[in-house]
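Be aware that the sequence shown starts at 31, since it is given in our numbering, and climbs by one per residue. The beta-carbon is built from N, C-alpha and C at its ideal position, and this holds for glycine as well. These numbers were taken from a predicted model, which means no experiment stands behind them.
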Amino acid sequence: MYSGLLENCATDLASAGYYAFIVSYRLAPCEVIKKQPCHDVAASGRPPEQTDDIKAEVRAARADPRCNGKVAVVGGSAGGSHAAFVALDTVPSANWSASDRPDAAACLSGAYDLSDRTQEVGYPAGDDPLPQFIDLVQNYTNTFDRTIQRSVSPVAKVTAPTADKPFRPIFFINTQYDPMPFHQIVDLQCALQTAGIDPGLYKAETIPDSRLHAFQFWREFDDGYPYAQRVSTRVIDFFDAANLKTPAGH
């Protein structure tokens with residue numbers, strides 16, 4: 031789906047002075063998805079395997095001697111969901127802590143509440159994204175139970191910030207007729223507002239009159255104020271504002 035588009039993202043970030051990695055995560059057992067590299071045959075690609083993979087990759091990037099100890103994550107579609115998840119997850123585990131979270135994240139067309147079944151209105155005829163979304167969620171979570179679906183969603187990881195667990199900046203973007211249901215971006219905004227997150231620490235943007243999805247709009251122009259810019263430029267500016275190029279501890 032993103033043939034060449036991930037490379038565009040990495041190239042633009044590198045041109046802006048960032049050391050860029052393109053990462054992958056477990057999708058399904060061997061032989062299920064054509065041409066997918068095989069991994070542990072016991073793995074299913076279901077929660078928490080994919081987000082655990084991203085967590086491991088965030089930790090590896092932070093420890094890479096070519097880097098300055100700070101990490102930002104850009105994800106699209108399911109990857110946008112995972113980017114938000116790891117940026118929000120402050121629950122400690124054997125290989126994760128609140129301090130391991132990326133220092134900033136940009137989420138393109140992400141899914142943030144897998145349990146949301148809000149009927150979308152205003153989409154062109156035949157473009158209702160909800161039925162496919164429900165099918166994909168049920169396949170990913172392997173359950174029809176919406177309580178479980180929500181528990182593995184980014185919104186379930188939103189908590190009020192504390193001195194030792196501050197909120198990490200997030201920029202989330204979608205399009206007006208995105209194949210990802212529009213209410214997904216609303217769900218995350220509502221969760222952040224309810225938790226009392228400083229609105230200056232996150233940014234939401236919808237590109238009007240577009241049905242592009244995730245990295246498809248990475249180099250497209252938005253309709254932002256005071257003038258339109260490429261989404262890539264907006265994201266890079268957001269990362270720059272988060273002071274990511276200054277070494278950790280500064």
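Whole-Å CB distance - residue i paired with residue j, under 8 Å assumed
i: Tyr142; j: Ala114; result: 6 Å
i: Ser183; j: Ser123; result: With 8 Å as the limit, Ser183 and Ser123 do not qualify as a contact, their Cβ atoms being about 17 Å apart.
i: Pro211; j: Leu160; result: 6 Å
i: Asp83; j: Ala128; result: About 19 Å separates the two Cβ atoms, so there is no contact after all.
i: Gln179; j: Thr171; result: 5 Å
i: Val103; j: Val116; result: 7 Å
i: Val101; j: Ala91; result: 5 Å
Cβ shell of residue i (< 7 Å), same chain only, five flanking positions each side left out
i: Gln80; result: Tyr55, Arg56 and His112
i: Ile227; result: Pro191 and Phe197
i: Gly47; result: Lys275
i: Tyr49; result: Arg96 and Cys97
i: Ala221; result: Val185 and Val188
Beta-bridge pairing of residue i - partner residues as DSSP gives them
i: Val121; result: Bridge partners of Val121: none, in fact.
i: Cys137; result: Gly105 and Phe202
i: Trp126; result: Ser123
i: Phe251; result: Arg260
Simplified DSSP state of residue i, which is helix, strand or coil
i: Lys233; result: strand
i: Leu144; result: coil
i: Phe202; result: strand
i: Cys60; result: coil
i: Arg264; result: helix
i: Phe115; result: helix
i: Phe245; result: helix
i: Arg89; result: helix
i: Ala44; result: helix
i: Asp82; result: helix
i: Asn172; result: coil
i: Asp94; result: coil
i: Asp165; result: helix
i: Asn273; result: coil
i: Glu37; result: helix
i: Lys100; result: coil
i: Met31; result: Note that Met31 scores a pLDDT of 49, beneath 50, so its modelled location is shaky; the value from the coordinates is reported in the next line. Here Met31 sits in coil by DSSP.
i: Lys187; result: helix
i: Gly75; result: coil
i: Gln322; result: With the chain covering 31 to 280 only, the question about residue 322 has no answer from this structure.
i: Ile215; result: helix
Beta carbon of residue i nearer than 8 Å to that of residue j
i: Glu250; j: Leu242; result: yes
i: Arg198; j: Ala134; result: yes
i: Val88; j: Pro154; result: no
i: Ala244; j: Gly110; result: yes
i: Gly99; j: Cys137; result: no
i: Asp253; j: Pro238; result: yes
i: Trp248; j: Leu35; result: yes
i: Lys233; j: Phe269; result: no
i: Ile266; j: Asp42; result: yes
i: Gln206; j: Ser240; result: yes
i: Ser139; j: Asp208; result: yes
Spatial neighbours of residue i in its chain, beta-carbon cut-off 6 Å, leaving aside the 5 residues before and after
i: Trp126; result: Lys85
i: Ile52; result: Leu36 and Ala40
Near the ligand ZN: residue i beta-carbon under 7 Å from a heavy atom
i: Phe174; result: As far as ligands go, the structure on display features none, and thus does not contain the ligand ZN.
Other residues of its chain near residue i: CB distance less than 8 Å, five sequence neighbours each side excluded
i: Pro78; result: Val182
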